[in-house]
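First the structure, in the form of C-alpha cells, and then the observations on it.
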Amino acid sequence: MARRSAALLLLLVAGCAAPRELRPEPRFFAYGSDPGWTLTIARGRIRLAAAPNLTVDAPAVPPALVGSTLRYWVAGIVIDVERRTCRDRRSGLAFSDTVRVAAGERSFAGCGGARLPLLDT
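Note that this note's numbering gives residue 1201 to position 60 of the sequence shown, counting from 1, and the numbers run on in steps of one.
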C-alpha cells in the first residue's frame, strides 16, 4: 500500500509540472568592476550597462560556439562566456563562468553564471 501511495504521489507531482514552453527560461547574470558593468541575458533580451555611458538593450541572439566559449554578437558588442571558474577580486566570490565583453575600443572582464561555494586561495 505504501509503495502504491508513493507511486501515485510521484505521478501526481509529475503531472503538475509545467510544460517546457511555460517554464521560465534561465537567466544569466554577469558583472565586473573598474569600470563597473552588468550583463543580463533573460526573457529574450540582452542588457549591458557599463560606466560611463554605455547601455545596450537588444533582442537576445543565439550564441555561437567558438572553441569552448559561447560568443554573442549583438548591437555592435561581442560577449564571450567561457565555462571557467572566475573569482571576483573585490568580493572573493566564485562563479562558474569567466565573461569578457568588447564594445568598440572598450573591453570589460568579470564573472557570471552560477555562484560557486567559496574556494580556498
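Yeah, the Cβ is synthetic: ideal placement off N, Cα and C, and Gly gets one too. Computed from a prediction, not measured in an experiment: that's the story for all the values here.
Selection from the options that minimises the alpha carbon distance to residue i
i	options	result
Pro1167	Ala1192, Gly1208 and Arg1184	Arg1184
Ser1174	Gly1245, Arg1230 and Leu1257	Arg1230
Pro1200	Gly1208, Pro1193, Asn1194 and Leu1189	Leu1189
Leu1259	Ser1248, Ser1237 and Ala1250	Ser1237
Val1208	Leu1195, Glu1223 and Asp1198	Looking at the sequence itself, residue 1208 is Gly, so the reference to Val does not match. Comparing Cα positions, the closest option is Glu1223.
Neighbourhood of residue i by C-beta distance below 7 Å, restricted to the same chain and skipping five residues each side
i	result
Ala1243	Ile1218 and Val1219
Leu1198	Reading off the sequence, residue 1198 comes out as Asp, not Leu. Hits under 7 Å: Arg1186 and Arg1188.
Ala1255	Phe1236 and Ser1237
Pro1204	Leu1211, Arg1212 and Tyr1213
Spatial neighbours of residue i in its chain, beta-carbon cut-off 6 Å, leaving aside the 5 residues before and after
i	result
Arg1225	Thr1239
Phe1169	Ile1182
Ala1155	Note on Ala1155: pLDDT 46, under 50, position unreliable in the model; no value is reported.
Asp1221	Thr1210, Arg1212 and Arg1241
Trp1178	Ala1191 and Phe1249
Asp1196	In the sequence on display, residue 1196 carries Thr and not Asp. So the qualifying residues of the chain are Ala1190.
Arg1228	Ala1235
Beta-carbon contacts of residue i that lie in its chain and below 8 Å, excluding the five residues immediately before and after
i	result
Arg1164	Note on Arg1164: pLDDT 47, under 50, position unreliable in the model; the coordinate value appears next. No residues qualify anywhere along the chain.
Val1202	Ile1187, Tyr1213, Trp1214 and Val1215
Ala1158	In this prediction, Ala1158 scores a pLDDT of 45, lower than 50, which makes its location untrustworthy; no coordinate-derived value is stated.
Pro1176	Ala1191, Ala1192, Pro1193 and Phe1249
Arg1247	Ala1191 and Leu1195
Beta-carbon gap between residue i and residue j smaller than 8 Å
i	j	result
Ala1235	Leu1257	yes
Leu1180	Gly1253	yes
Ala1171	Gly1251	yes
Residues bridged to residue i (per DSSP)
i	result
Ala1255	Its beta-bridge partners do not exist; DSSP assigns none.
Asp1175	DSSP, once it has assigned bridges, lists no residue as partnering Asp1175.
Ala1201	Its beta-bridge partners do not exist; DSSP assigns none.
Proximity test, Cβ basis, 8 Å: residue i and chain C
i	result
Ala1244	The displayed structure is made up of one protein chain only, and chain C is not part of it.
Scan the segment 1205-1252 and note each continuous beta strand (DSSP E) run of 3 residues or more that stays entirely inside, going in chain order. 1205-1207, 1210-1215, 1218-1223 and 1235-1244
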